[in-house]
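Engineer:
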Amino acid sequence: MFLLQSTNTASIQFFILLGTLGMILVVGCLVGFVIFHQRKVIRYQLKMKAMEEEQQRILLSASVHSQEEERQRIAADLHDDAGPLLATARLYLSENLVNMDKSTQLQSIFQVRQILDDTIQLIRNISHSLMPPTLKNFGLESAVNDLFQKISASGSISATSRFHDYKERMKSEKELNIFRVIQELVNNILKHSNASFIHLIQNVQGDRFVIRIHHDGRGLAQADFERLNRSTTGLGLKNISSRIQVANGRIAFDKDTHQSYYKITIEVPVDDPLGFLKQL
Amino acid sequence: MLLIYSLFFFLSELIDVYELIPSSDKKIYFYSFVTVFEYALFSYFIFLNVTSNTIKRIILFSIIGFSLYQFIFTYFTPNLKFDSVSIGIETILILFFSFYFLYEQINKPEIAFLYNTYHFWIITGFIIYLSGSFFIYLFAGYIPRKDLRSFWLIINIFSILKNIFFSIGILVFVLQLESKKTKFKRFHHNLTRQA
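Listed in order, the protein sequences are those of chains F and U.
In terms of this note's numbering, the first sequence opens at residue 1 and continues consecutively.
In terms of this note's numbering, the second sequence opens at residue 1 and continues consecutively.
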């Protein structure tokens, strides 16, 4: 203040003008920054939303595509296998059968019975591929153990599974989704990884149902999974994503702490028995 | 609240321009009161619109503290012609609260565009007016009265800018209110039609 009192009026006036200009400039810059920053954030959010929508679209299209593929496969099975079998059975049961001698009739009936048994087996196979009976009747643990035993029995790879904490079954749709994810992952490992073993462990961490799959072959890292998920190829991985999303879970691909094995972690929320109360 | 402030500001200008308070001793009490009232209204507006409880508490305490300080400063300082220091403190505090408010707003994901809210225009009005007049009020006591008149023109310009921003804020508020009313009417109309 003393300094100000000793300074002449002209310099004070110059100081005031300069100060006011500086203040307006600083404040203007700050307000401008706030506006531009917000616009930038909004643009980023819109971009993220568009990317999410695109991802959803890809997943939906993959899901539709896989459904169509499944239908085509079933149609082909029915047309190429069940159709000819039933047509052959019909031939055996022609009107001429009544005019034939007893032994020929018995032979024809035996043939028809064989054909019908084959057809029943074929339809059972198709039905099992749509919904594994072990999964339906005994739950995820038995279905996974069954799957791993079959793989192990082939002798080309050692496959083991262990469920540590699976006392109560989850909802059937959720179980089916998890089973299909495991099936797809195991298929991928068998096809692409050249692994010598696959090991699956299940446990519960808090309110999360956790499944970890380890294998010693060539695997995917999280970045690879996300890249393939965004690309137009890799239908199986998109199905995995889609099923995990439906189960409200998450999936992570990484290497274990020793960097020697690949690890896939699936986490889904445990069914809340009192969940319906929250919806009331 | 803006109406109270605008009326009060207009009255204080009238009193100042037409020198309705002739005694310079009483004039300083009037200026002090104007400063306290302006600070209280500006900070109360921010108090109503910030979400942080800490900042709300700081604002409340600052209003009480600032009023006490202003009273003591005005009463006990001899030959005081202008409350420059108080205006300086007022400006710094309001600018701080205003920028905190803007910081809070840009972190709210539900606000699509800041300038579509009436708060933004009112706060920008505060910021422009206070920052533009800060140095002039601060050094008002050191400039001869005849020279001060030329600086008053700058304050008047910033005051006009403040009023323009306030008007835009009121316009945005009214438009939003109208839009809400129309939406409600449409909703009510659809509901009665369905019934």
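Here a beta-carbon is modelled for each residue, glycine too, at the ideal position from N, C-alpha and C.
Among Phe76/U, Phe139/U, Val34/U and Gly125/U, which residue has its Cα nearest to the Cα of Ile170/U?
Structural biologist: Gly125/U
Engineer: Is the distance from the Cβ of Ile126/F to the Cβ of Ile74/F below 8 Å?
Structural biologist: yes
Engineer: Please classify Ile92/U as buried or exposed, where buried requires at least 16 other C-beta atoms within 10 Å of its C-beta.
Structural biologist: exposed
Engineer: Inspect the CB distances between the stretch 235-245 of chain F and the stretch 161-174 of chain F and report whether three or more fall short of 8 Å.
Structural biologist: no
Engineer: Could you pull the start and end residues of the alpha helix (DSSP H) that Leu200/F belongs to?
Structural biologist: Here Leu200/F belongs to no alpha helix (DSSP H); instead the beta strand (DSSP E) covers Phe197 to Gln205.
Engineer: Report yes or no: is there a C-beta of chain U within less than 8 Å of the C-beta of Met48/F?
Structural biologist: no
Engineer: Report the residue from His188/U, Ile155/U, Tyr137/U and Ile154/U whose alpha carbon sits nearest the alpha carbon of Lys81/U.
Structural biologist: By alpha-carbon distance to Lys81/U, the top candidate from His188/U, Ile155/U, Tyr137/U and Ile154/U is Tyr137/U.
Engineer: Quick check: the Cα distance between Asn203/F and Thr117/U, rounded to an integer number of angstroms?
Structural biologist: 50 Å
Engineer: For a contact meaning CB atoms closer than 8 Å, what does Met51/F contact in chain U?
Structural biologist: Simply none; closest approach about 17 Å.
Engineer: Does any CB atom of chain F fall closer than 8 Å to the CB of His189/U?
Structural biologist: Among the CB atoms of chain F, none fall inside 8 Å of the CB of His189/U.
Engineer: Could you tell me the distance, in whole angstroms, from the CA atom of Leu21/F to the CA atom of Ala223/F?
Structural biologist: Ala223/F has its alpha-carbon roughly 51 Å from the corresponding atom of Leu21/F.
Engineer: In chain order, what residues of the same chain lie with their CB nearer than 7 Å to the CB of Phe2/F, ignoring the 5 residues before and after it?
Structural biologist: Any answer about Phe2/F is weak, because its pLDDT of 46 lies below 50 and its placement is not dependable; what the coordinates show is given next. None.
Engineer: So, does the CB of Ile89/U fall closer than 8 Å to a CB anywhere in chain F?
Structural biologist: no
Engineer: Rounded to the nearest angstrom, how far is the Cβ of Ser84/U from that of Val36/U, given a contact under 8 Å?
Structural biologist: That belief does not hold up - the Cβ atoms of Ser84/U and Val36/U are roughly 15 Å apart, past 8 Å.
Engineer: What distance in whole Å lies between the Cβ atoms of Ser32/U and Ser86/U, which are believed to be in contact at a cut-off of 8 Å?
Structural biologist: 7 Å
Engineer: Suppose you measure from the CA of Gly249/F to the CA of Gln72/F; what does that come to, to the nearest Å?
Structural biologist: When rounded, the distance between both Cα atoms is 29 Å.
Engineer: Leaving out the 5 sequence neighbours to the left and right, which residues in its chain are closer than 7 Å to Ile16/F when beta-carbon positions are compared?
Structural biologist: Same-chain partners within the cutoff: there are none.
Engineer: Determine the contact status of Ile155/U and Val31/F, defining contact as a CB-CB distance below 8 Å.
Structural biologist: no
Engineer: If you follow the alpha helix (DSSP H) that Arg57/U is part of, which residue opens it and which one closes it?
Structural biologist: Asn53 to Phe76
Engineer: Against Leu30/F, what residues of chain U qualify as contacts under a CB-to-CB distance less than 7 Å, listed in chain order?
Structural biologist: Listed along the chain, the chain U residues whose CB falls inside 7 Å of the CB of Leu30/F are Phe99.
Engineer: Please name the residue, chosen from Arg162/F, Arg212/F, Ala87/F and Gly206/F, that lies closest to Leu185/F on a Cα-to-Cα basis.
Structural biologist: In terms of CA proximity to Leu185/F, Arg212/F leads the group Arg162/F, Arg212/F, Ala87/F and Gly206/F.
Engineer: Skipping 5 residues on each side, what residues in its chain have a beta carbon closer than 6 Å to that of Gln38/F?
Structural biologist: none
Engineer: Would you report the Cα separation of Ser167/U and His189/U, rounded to the nearest angstrom?
Structural biologist: 32 Å
Engineer: Could you confirm whether any beta carbon from chain F is found closer than 8 Å to the beta carbon of Pro78/U?
Structural biologist: With 8 Å as the cut-off, Pro78/U does not count as an interface residue toward chain F.
Engineer: How about Thr20/F: is its C-beta nearer than 8 Å to some C-beta of chain U?
Structural biologist: Using a Cβ-Cβ cut-off of 8 Å, Thr20/F counts as an interface residue toward chain U, since at least one Cβ of chain U sits closer than that to its own.
Engineer: With DSSP as the reference, label Arg208/F as helix, strand or coil.
Structural biologist: Strand, per DSSP.
Engineer: When the Cα atoms are used, what is the spatial distance from Ile143/U to Val34/F?
Structural biologist: If I take the Cα positions, the gap works out to 35 Å.
Engineer: Answer with yes or no whether the minimum CB distance from Thr124/U to chain F is below 8 Å.
Structural biologist: yes
Engineer: Quick check on the DSSP output: the alpha helix (DSSP H) that includes Lys102/F runs from which residue to which?
Structural biologist: Lys102 to Leu130
Engineer: Compare the C-beta of Ser131/U against all C-beta atoms of chain F and say whether one is closer than 8 Å.
Structural biologist: yes
Engineer: Leaving out five residues before and five after Ile123/F in sequence, what residues of the same chain have Cβ atoms less than 8 Å from its Cβ?
Structural biologist: Ala82
Engineer: Alpha carbon to alpha carbon, what distance is there between Arg218/F and Ala195/F?
Structural biologist: 7 Å
Engineer: Looking at Leu200/F: is its Cβ nearer than 8 Å to the Cβ of Phe253/F?
Structural biologist: no
Engineer: Confirm, please, whether the CB-CB distance from Asn49/U to Phe101/U is below 8 Å.
Structural biologist: yes
Engineer: Going by C-alpha distance, which of Glu168/F, Asp207/F and Phe225/F is nearest Ser142/F?
Structural biologist: Glu168/F
Engineer: Going by DSSP in three states, Ser161/F sits in which element: helix, strand or coil?
Structural biologist: strand
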